[in-house]
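*Asks:* Residue numbers (the numbering used here): 69 to 357. Note that CB positions come from ideal geometry on N, CA and C, so glycine has one too. Handing you a structure now.
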């Protein structure tokens, strides 16, 4: 999208807010700043793994097993830059990642057919799994958004879909919560628990840690608790596809725990809680006294 398109989606001029893709008063800023985003990100990873072709592409090309924490940090960095960075930096970062993905292929072992991992179908799946997770988890955690706000968030995120490479004229890009729900209903028959998805889920629940961290700190049980909570926040139909022993098949209590964790983080002063990208954007968009 060009600058004028971003203005139309976000409701105010990007120049007026320091050149970012999203305005300071956008729902995107509100959602992506919320402490529950980490759980939304975990939910998104569990959800994305259920698409066989997408997960196969990750398994055959990604270094997530060798460098899981680095991959998580790079994902968080991408969200931070595209949400709060200048438009130039956001587009530069997205173009670099598109360039990497453009060279990658995955092989379907059943058909022997090779396919691009940056196909519009797969990119749209990644996009929808992410925005559905971010929106669903933050709202359930206690972020007060009206139905209109939620629709506005989905519409704002059309910009993000285009940024990662989904064609701007693709009619399947959701522009409302209802569109998003319809997308998942349409795609659900294609989702499955493959061996790659099962391996990814187990990896998410118990990623490798240095021995001294695993044995000498509470990092391992703390992470397992967060990951299990992210799993519990999946839609019921997704949990049923997984049906993993020892993991919840219902979300009973998940929303209450998520709300409690969110409130605990919100008690931390913003100067410690907010990330560097948000702080830089706030400084850039706050009028001088």
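Between residue 233 and residue 114, which are expected to be in contact by the criterion C-beta below 8 Å, what is the C-beta distance as a whole number of angstroms?
*Replies:* Actually they are not in contact, since the Cβ atoms of residue 233 and residue 114 sit about 23 Å apart, beyond 8 Å.
*Asks:* Could you tell me if residue 101 is buried or exposed, where buried requires 16 or more neighbouring beta carbons within 10 angstroms of its beta carbon?
*Replies:* With 16 or more other Cβ atoms within 10 Å, it is buried.
*Asks:* On the three-state DSSP scale, how would you describe residue 117?
*Replies:* Correct three-state label for residue 117: coil.
*Asks:* In or out: residue 340 buried (at least 16 other Cβ within 10 Å) or exposed?
*Replies:* Label assigned to residue 340: exposed.
*Asks:* Less than 9 Å between the beta carbons of residue 112 and residue 202, yes or no?
*Replies:* Yes.
*Asks:* Which partner residues does residue 183 have in the DSSP bridge list?
*Replies:* 174.
*Asks:* Applying the 10 Å Cβ sphere with the 16-neighbour rule, what's the burial state of residue 108?
*Replies:* Looking at its Cβ environment, which holds 16 or more other Cβ atoms inside 10 Å, residue 108 is buried.
*Asks:* With a 10 Å radius around its C-beta and 16 neighbouring C-beta atoms as the bar for buried, classify residue 94 as buried or exposed.
*Replies:* By the neighbour-count rule (16 or more Cβ atoms within 10 Å), residue 94 is buried.
*Asks:* I'd like the list of long-range same chain contacts for residue 99, defined as Cβ closer than 8 Å, with 5 residues on each side in sequence excluded.
*Replies:* So the list reads 105, 202, 203, 206, 211, 213, 221, once near-sequence residues are dropped.
*Asks:* Please specify which runs of the beta strand (DSSP E), each continuous and at least 3 residues long, are wholly inside the stretch 180-254, giving them in chain order.
*Replies:* DSSP runs (the beta strand (DSSP E)) wholly in the stretch 180-254: 182-184.
*Asks:* Hey, could you find the ends of the alpha helix (DSSP H) residue 271 is sitting in?
*Replies:* Residue 271 -> alpha helix (DSSP H) spans 263-273.
*Asks:* Using beta-carbon positions only, say whether residue 268 and residue 147 come within less than 9 Å of one another.
*Replies:* In this structure, residue 147 does not lie closer than 9 Å to residue 268 by Cβ.
*Asks:* If I follow the unbroken alpha helix (DSSP H) through residue 130, where does it start and stop?
*Replies:* It is not in any alpha helix (DSSP H) - residue 130 carries neither H nor E in the DSSP assignment.
*Asks:* Can you tell me whether residue 186 is buried or exposed? The criterion is at least 16 other CB atoms within 10 Å of its CB, across all chains shown.
*Replies:* Its Cβ being crowded by 16 or more others within 10 Å, residue 186 is buried.
*Asks:* Along the chain, where does the alpha helix (DSSP H) containing residue 90 start, and where does it finish?
*Replies:* From DSSP, residue 90 is part of no alpha helix (DSSP H); its letter is neither H nor E.
*Asks:* At the level of alpha carbons, what is the spacing between residue 163 and residue 321?
*Replies:* Cα to Cα, residue 163 sits roughly 41 Å from residue 321.
*Asks:* Grouping DSSP H, G and I as helix and E and B as strand, with all else coil, what is residue 76?
*Replies:* Residue confidence for residue 76 is low, a pLDDT of 39 falling below 50, so the modelled location carries little weight; the figure read from the coordinates is stated next. Residue state, collapsed to three classes: helix.
*Asks:* Determine the contact status of residue 117 and residue 288, defining contact as a CB-CB distance below 9 Å.
*Replies:* No, the Cβ-Cβ distance between residue 117 and residue 288 is not below 9 Å.
*Asks:* On the DSSP bridge list, what partners appear for residue 279?
*Replies:* In DSSP, residue 279 forms no bridge with anything.
*Asks:* Give the DSSP bridge partners of residue 161, in chain order.
*Replies:* DSSP lists no partner for residue 161.
*Asks:* Roughly how many whole angstroms lie between the Cα atoms of residue 197 and residue 286?
*Replies:* C-alpha separation (whole angstroms): 30 Å.
*Asks:* Could you check what DSSP says for residue 85 in three-state terms: helix, strand or coil?
*Replies:* Note that residue 85 scores a pLDDT of 44, beneath 50, so its modelled location is shaky and nothing firm can be said.
*Asks:* Does residue 285 come out as helix, strand or coil in the three-state DSSP assignment?
*Replies:* In the structure shown, residue 285 sits in coil (DSSP, three-state: anything other than H, G, I, E or B).
*Asks:* Quick check on residue 300: buried or exposed, where buried means 16 or more other Cβ atoms within 10 Å of its Cβ?
*Replies:* Residue 300 comes out buried.
*Asks:* Under a Cβ-count criterion, where at least 16 other Cβ atoms within 10 Å of its own Cβ denotes burial, should residue 279 be classed as buried or exposed?
*Replies:* Classification for residue 279: exposed.
*Asks:* In terms of alpha-carbon separation, which member of 87, 103, 88 lies closest to residue 328?
*Replies:* Among 87, 103, 88, the Cα nearest to that of residue 328 is on 103.
*Asks:* Tell me whether the beta-carbon of residue 176 lies closer than 9 Å to the beta-carbon of residue 229.
*Replies:* No; because the gap between Cβ atoms is not below 9 Å, this pair is not in contact.
*Asks:* Output the distance between the C-alpha atoms of residue 293 and residue 110, rounded to the nearest integer angstrom.
*Replies:* Going from the Cα of residue 293 to the Cα of residue 110 covers about 11 Å.
*Asks:* Which residues share a DSSP beta bridge with residue 154?
*Replies:* Paired residues: 88.
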